[in-house]
Structures are given as C-alpha cells and as structure tokens.
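For reference, the structure discussed in these notes is given below.
Residue numbers (the numbering used here): 11 to 1030.
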C-alpha cells in the first residue's frame, strides 16, 4: 500500500513500494564485554590509539542503563564509532545506521521518494518494525521529533531526524535491542539508539570533503569545524561544532536501474504468469506527457489497440510529439492490464521519481560543562539547525479517464478543435476523425501527464532550536556513595513545505484559448479566476500541445504556491538519584530511582491551498489536484517514575565452582499518560560467566508505545491509495490459503480473471485518527553469549537470539491488508475488515475507510551476531611499524517476521527483497602510524520479490544475492594534516538479477554506481 496526497497517481514498474536508504555501509559492532563491565568502544580507526580523556568520560553514558559503568550487559549492544563514520565518509549518521544489518529501510531518508512535508528527513527503523518503534536519544536524553503530524507524513509517530546531528560531533553510537523502555519510556519497542557526543574536546579540527559520482553527477560537499577549550584548570569545557553539507539530488531518470527503460514485471498477456519479466520499462499507453487526442471521454488505447484515439488514414493512433505536432504512436508490448505497455511511446512513469534529494544542512552545536565542586556539576547543550531539502521529481498532475470524468479535476481535457495552438493540418485530422465517428466536430478530448506544468517536487525548510541544561553531584551517607542528577530538555522544530500547484479553475481558463480581433492568441473573455491567488493574476493562454511549449505567463497564471507549516515541541524534565545501598559478598548493589515529566506537542497547518475553498455548507472544495487537507494538532503529557537495580551474585574473587561471575539487572517504569492512562514497562535479566571470557546473557522486557498526535487527533479526511486486491487475477492464487481466498472472492461475485483498478491506480477513501487508541504492547526477550578469550587477545564474538511480540499494534493498515483480512478469512463476509470498503456493481473499489486502529499484531525473531579481531602485526614477527589488522563482521539472520490485521491475514515480511533472511556486513582494516586501508563488504542473501505471492505469480520470483564492496584509504601527511579517498561501489556492481526493483532504499549504491569522495582534515 502506498498512501499519497495526490488524487491522480499510478503504480510504478514493480508494483512495490518502500522507504529510502543512502550510500556506503558502515560496520557496526557488538562491543559488549564480559560480566560486570560497561559496553566498550572498539574502533576501526586508522591506527591503534589509546583512549583519551574524552572517550573515558563518555564511557559512563551506557545506553540501556542509568547506572553508568556498573551496569551489566544483559542486552545485545552494537556500537558504531565516530571514527568509522569519518573513515567511510558519512555525511548523515542515519545513513550509516540504516546500512547496519540491524536496520530495515528507514521511515524516510535522502534517497527515494520523500515523505510528504518532510523532504530530506532521516528516520531509522530498527529490525524493520517501524521508525516509530525505534527510540532515538542524544547523550541519553530524548530529542524533539521532526515528523509531520499530517496523515500524509512519512511516519505517524515521533521519530528523530538524524540528519540534524553532525557526524563530526559523534563519539560513538550505541544501539541496544528491546530493553530500553523501562529506562527511557515509550517507543523503545525494537530498541534504543543513543548518539553519544564528544565531550571535553580540546583543540581545533576542520574537515572538508567533496564527493562525485563516476557519471559526473550527484556532487556533495561539506565542511565541519570542531573546536573546544578547557578552562579553570580543567574544571570546565566548551565545545563548538559547526557543520555544513550540500548534496545535489538526482531524479530516477538519471540511472538505468530506475529509469523508464528499466526491466520490470508486468501483467503477462499470455496468462502464464500474473507478472512476467519485461524490458523496455513500464509505460502507460493511455496518455503521454505531450498529449493524446481522443474522440470521446474514454481511453485512447486499450490492450495495445486504438480505442478512442485520433488515428491516421492507416488506422494508427496519433499523439502529439514534443513540438506539438501529431505523429504516429508506438504501442510497445501491450500488457494484460490493458492500460500499460513495455516500452513504446506511452508515459514512462519511472522517469519521474526522486532518486536522491537536494539537501542543504547547517548545524551548530555548543556543549558546555563545569565542575563547581565534587558535589555540584553543570552540563549543557545548545542546538541550532537549519536545513532545506527538496525532492527533484515526483508524479505530475494527470488528465486522464483513469481518474475522473472529462472536465473534472484530473479527467480528460475538453478542448476546442479551433484551438489556435493547433496547426491547420492537425485541426483537419481531428475534425475528420470526429466526423467519421458521427460526432460533432467542435471539440475533442486530450489525455496528458503534465510534467511540464507541475513536477510534483516540493521543498521542506526545517529549523531546530534545542537546549539541554542540568546539574549533578555526589553525596555520601555513611559508607554509601550516591549521585544525583536533574536535567531539563526543551526542543522545538518548525518546518515549512512549499510547492507549485496547478489551480484547476485557472488552468481551464488558460486552456480556452482564442484569437482576438488582431489575431493574437488570448484567453476567451468572460472568465472568472479562482479565489486563491496565483503567481500571475492575469489570464494568459496555455499551449498544452507537446511539452515545454507553455509561456511563463501562462504557467504563473495557473500556478499557486502551496505552503504548509509544522511545529513540534518537546519538554522533558528528568531527575534521579543513584548509588549503592548495600554490599554483598560479590560486590555492591547499585540502584536508581527517578522521576520524569514529558510533554510533546505537534501542530500541522495545511495552508490555504491544501485546505481548500470553504463552501456554504461548511465543507471545503479542493483548488487543484490535492484533496482538501485538515489541520492536525494536539499534545499530551506524561508523569513517570522509574527504578533500576543491579545485584552482583557471584564475583571472580569468590572462586565459586563452575561459575566465575554472575549478576542480575532489573528495571521498571510506571508511565501515566494524560490521554491513554497508566502503563508499566519492566525488564529483568543478567549475565553468567562460566569460564574465563565466556559470558551467557539474557533479558525479558515488557515495553510499550503510546499513540502519537496524528494517530489520536487526525480528523476525517480524504486519502487515495493503491492496493494489491486479493481478488485480482494477479493475487487470487496468493495468501496463506489460496483456496479460501478464491472461494470468498467467488462468493463476492468476482470471477478468477477479475482485474481490479485499485492495483494500477488510486481509489478514494477516508482516514481519521482515533482518540480511543490504547498503547501498543510488546513482550520481548533476548538470550545470547559473549566470548572474549584471554588466550586470543583482541578477539570478541557475540551471538544473541531476539524475540519481539507486539500486540495492540496501532496501524493504518492500508487497503491491501484490509482486503486480505476480509478475503482470507474463514468467517467471510462477517470479518470486520469486510466492512471497511465498498465495491460497485463491476466489483471495483469505490470507497474505503483506513483509520488508525489497535488492530494488528507483529512478530519478529532473529539471531544477531558479531565478531571482531585486532591483530598487531608485530605478533606474527613483523616490525612494529607494520601496524595492525582489524577484522569485523556483523550478521542478522531473521527466522520470523510477519504481521497480521485480523485473525486470518498473515503478511510475511521476512525474505522480501527489502528484508532478506541474511544480512551481513564486514570489514578488514590495515593501519599503520601514517596509513590505513579499509575494505568493507555488504551481503544480502537471496530473497523473494514478494514473500506473500503464490506460485506462478512471478516469472522470476527470487532475487539473486546482493554484494557491495567499498574501500577507504587514509594518509596522515603530517601530524596535523590527513587526507582520505573513499570509493563506494569500487567494482561498479549493479542491482542483482532479475533487476526488477527500483527501490532506492536497499540498493542505493548499486543504483548510483561508483562514487568517489575526497576528505581532508587539519587538527591542532
């Protein structure tokens, strides 16, 4: 399902959609050490280095615990070093996380189609459970969300835009599986990402880079300045980071894997497969972006043959070429849906998408801390960010019988045969066709994709202001040591989205072109312009024939600027006290008790254009292509109490038989949400070291996610969706039980060869929020082992099993899931899903309700493993100057991932081409004092085009394994100057066979091709 703002939209080449992904993979590593230790920081830097004071200080920030260095490592923890970000040239830390095996396609990113009203924002998505179920922190504190509260936004939740955080400021990034909810509260169902910043930085560093694709496009340049100063004999520090990045975008037409000539699956006219592999690209034969003249209000071509089209003397269909002259239309290979073709002169839909967004980002971050005394310390942060991003292309404004009747918005155009922009020869041809059909010769119809009038592109400008301030200190009660901390965190993000939109009334005025008494082409007098202002208030005639022939005056007259405004705020106050409460034979029992008050608000204003024109009955009428949108605003607050405890059970010096060390860790939190009531979250787990270096670990966690402002408060509004209709001939043999599906579709009066319009283009329905929503609930557990043998220094191996069960999942299911739940039900037609849509007498979906409901369950099972090994080459007899080899690999093997809407729907996620069963990332880095060379490999195992498709649906149902290889070479020219060359996709590997996906999300490097980046840095 693809939810879209625009009324007129069509499926692309693969009939599959997903979110976005960007650039080169980075190695994330499990740095969890043995029992009783904090998560370590293993770095794939260019040379072996000692841990400096800043790193030692940052080590006390342990994600998944407020107990600092004493926290047990009962939960799988992956750490990505800031030095790795630099070595691999990442300009966006969300991009780096997305390419870790633990993360699925993001809720939004710079690559691929952009979420409405949020171009360029990057929302990571752990385990592909949804970006709204991944909690993101900075230095252990929450960060204000950039997500839109509109129902058309990319994610209905509170995801953090990681593009707001400068890579050069990052010390390391921890990712903890499942166990963060009792420590941090709502949203940590999949896991918690904590970005730990550099602290107590002393000195000056400036880094600049320039990147360019081998094809000579997609340039990117950036500059990062980091400066810090200790003062008052080291008791205080101020650190400032300034970061600027400018990325130039690309449309899908810029690459052969995604353009309108790419290989794709189409509806096979032979009937052998529901989808067969075709070359030539998916083109719609029922319109072009230059215009196809039609005799009546219908399709010009059906099944590859002239239907209502204007033809030449030989009966060949005609269309306007780019210059606006009638010429013969090439049908290409007609497909079974009747309206599309492989190749030919039809509309090449895949030429009009976004591959990479234009993006300009500026971030400034000021960090400060000061120690007044051992009993009182201050820490503070101030953030200021500004970004401007735009998708470079999207689907245009359509005029076609697919979407509406002639004369209505998006319907075929009704034009005069005397239109002065028509040549005399073309006028004669059109009139002759009309006369031969026995029709009046004064008007004809035109089908068109208006790519030259409305590109579908939009620009989002985002401003971030955030401040964090707090105090902490130590005190003693007898022999017990305690630390207290209180922090106030306030953030505000405002975003404005602007785009040019066609105003239907003015558009029709401009199309009605005539000659005045002097022979000039003008608008037909007597017109009335729309009430909303356009860029030109005076009507100018519009030349609609061909492409790019319209005057600027006409374009300005038919175009209005549509502007939306989003404001999100967050206030978070946290106070806690921690320390030791008693001493056991194995050590001190540590605890935390604390309180948190949090308030979140979101406000979306659609602006005048998208809101529409107020009618006398109180309804709104759309000005153009987009349905009337409503404002969405709301707020909620929570009061939360939490506690955490660590109990050492056995220590090394107790010399216990069989067990060297063991400890227990538990945490609980009660959250009182003023809208959804009270909820408990808790975790319990521990570690057990059986032999030296071998530690068993595990935990059980109950977590939750509270409904967002959008899910709660969105008013009823119109939406348009596409869907894989289970009764369509392409899907009738799929599903968990195809015989049940087929029987239910037959009972609905639909034949086995039924062709559903909603598969190929959008249908209109409604969507709304639900103030009766309850919290999502997740019950999860992990069990694993960490092995770091003393007899193999530098080696660490971890492996964990992760199980997550989500119930009461808040879902706007989409029509595919709702219809699957209906027709796959053994209780058809009594399933509640069957009442969410309506079919007409022909079986076509004409209405639906896709509201937010606690309707779904989701289950995820996987094994995640990591191995890291550092080998000083002097250990094998080489001189010290030979440096060291650092090897690492991270692997995710998914054994189960599916969700259900209703009792009988079972939608598999595991094994799809965006969620392969096996995902591996590894690297080898050779570093000396002055030189290092890093190779990195990413591997996705073989996958399916659609894991839910039945046999015979796809001619080639499986996708080959995917390989991607990147490299990075760094040279330390002097003690203060370094340069580095990075090459993504060194061997220019392409998208794996059968090359059916145009997803920029998972295969960006393969689609982009070889990409070069040169970094230079100075440090003082």
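Glycine is no exception: its CB is placed at the ideal position from the N, C-alpha and C atoms.
Taking residue i as the reference, which of the options has the closest Cα?
| i | options | result |
| --- | --- | --- |
| residue 490 | 130, 600, 351 and 421 | 600 |
| residue 296 | 933, 865, 421 and 232 | 421 |
| residue 576 | 719, 830 and 631 | 719 |
| residue 796 | 190, 663, 698 and 129 | 698 |
| residue 953 | 920, 933 and 943 | 920 |
| residue 869 | 851, 908 and 799 | 908 |
| residue 678 | 662, 392 and 605 | 605 |
| residue 747 | 673, 832 and 819 | 832 |
| residue 845 | 829, 696, 185 and 324 | 829 |
| residue 925 | 904, 939 and 945 | 904 |
| residue 8 | 732, 745, 931 and 130 | Nothing in the structure corresponds to residue 8, since the chain is present only between 11 and 1030. |
| residue 396 | 432, 733, 504 and 557 | 504 |
| residue 244 | 373, 222, 378 and 250 | 378 |
| residue 165 | 603, 749, 115 and 969 | 115 |
| residue 819 | 75, 142, 92 and 129 | 142 |
| residue 6 | 343, 298, 216 and 233 | Since the first and last residues shown for the chain are 11 and 1030, residue 6 lies out of range. |
| residue 1034 | 498, 512, 672 and 496 | Nothing can be reported for residue 1034: it is not among the residues displayed for the chain, which extend from 11 to 1030. |
| residue 618 | 511, 529 and 557 | 511 |
| residue 877 | 817, 806 and 625 | 806 |
Any idea what DSSP makes of residue i, helix, strand or coil?
| i | result |
| --- | --- |
| residue 571 | strand |
| residue 850 | coil |
| residue 612 | strand |
| residue 734 | coil |
| residue 83 | coil |
| residue 217 | strand |
| residue 751 | helix |
| residue 46 | The pLDDT assigned to residue 46 is 31, lower than 50, so where the model puts this residue is not dependable, and the model offers no usable value. |
| residue 966 | coil |
| residue 595 | coil |
| residue 449 | coil |
| residue 838 | coil |
| residue 797 | strand |
| residue 344 | strand |
| residue 720 | helix |
| residue 757 | helix |
| residue 176 | coil |
| residue 1014 | helix |
| residue 565 | helix |
Just how far apart, CA to CA, sit residue i and residue j?
| i | j | result |
| --- | --- | --- |
| residue 1019 | residue 361 | 18 angstroms |
| residue 771 | residue 814 | 35 angstroms |
| residue 272 | residue 286 | 14 angstroms |
| residue 717 | residue 778 | 13 angstroms |
| residue 1000 | residue 109 | 17 angstroms |
| residue 826 | residue 292 | 22 angstroms |
| residue 90 | residue 180 | 10 angstroms |
| residue 889 | residue 984 | 22 angstroms |
| residue 809 | residue 112 | 13 angstroms |
| residue 804 | residue 881 | 7 angstroms |
| residue 321 | residue 290 | 24 angstroms |
| residue 424 | residue 447 | 17 angstroms |
| residue 690 | residue 936 | 48 angstroms |
What does DSSP give as the partner residues of residue i in its beta bridges?
| i | result |
| --- | --- |
| residue 670 | According to DSSP, residue 670 bridges with nothing at all. |
| residue 658 | 673 |
| residue 459 | 408 |
| residue 787 | 714 and 817 |
| residue 600 | 590 and 656 |
Is residue i close to chain B? Criterion is C-beta to C-beta, closer than 7 angstroms.
| i | result |
| --- | --- |
| residue 88 | Reference to chain B is not applicable here, since this structure consists of a single protein chain. |
| task | Jot down the residue ranges of each uninterrupted alpha helix (DSSP H) in the stretch 86 to 153, minimum 4 residues, whole runs only, in chain order. | result | Fully enclosed alpha helix (DSSP H) runs of no fewer than 4 residues occupy 92 to 97 and 103 to 108 of the stretch 86 to 153, in order along the chain.
| query | Which parts of the stretch 610 to 654 are runs of the alpha helix (DSSP H), unbroken and 4 residues or longer, counting only runs that do not cross its ends? | reply | For the stretch 610 to 654, whole alpha helix (DSSP H) runs of length 4 or above, ordered along the chain, are 617 to 621.
| request: Just list the beta strand (DSSP E) runs in the stretch 232 to 278, keeping only unbroken ones of 3 residues or longer that don't cross its boundaries, in chain order. | output: The qualifying runs are 246 to 257 and 274 to 277.
| task | Could I get the ranges of all uninterrupted alpha helix (DSSP H) runs contained in the stretch 504 to 563, with 4 residues as the minimum, in chain order? | result | 514 to 521, all fully within the stretch 504 to 563.
| said: So within the stretch 883 to 953, which uninterrupted beta strand (DSSP E) runs reach at least 3 residues, ignoring any that extend past its ends? | reply: Counting whole runs of 3 or more residues, the stretch 883 to 953 contains the beta strand (DSSP E) stretches 894 to 911, 928 to 937 and 941 to 950.
| task | Any chance you could list the alpha helix (DSSP H) runs of at least 4 consecutive residues sitting entirely within the stretch 417 to 451, in chain order? | result | Listed in chain order, the complete alpha helix (DSSP H) runs (minimum 4 residues) inside the stretch 417 to 451 are 434 to 446.
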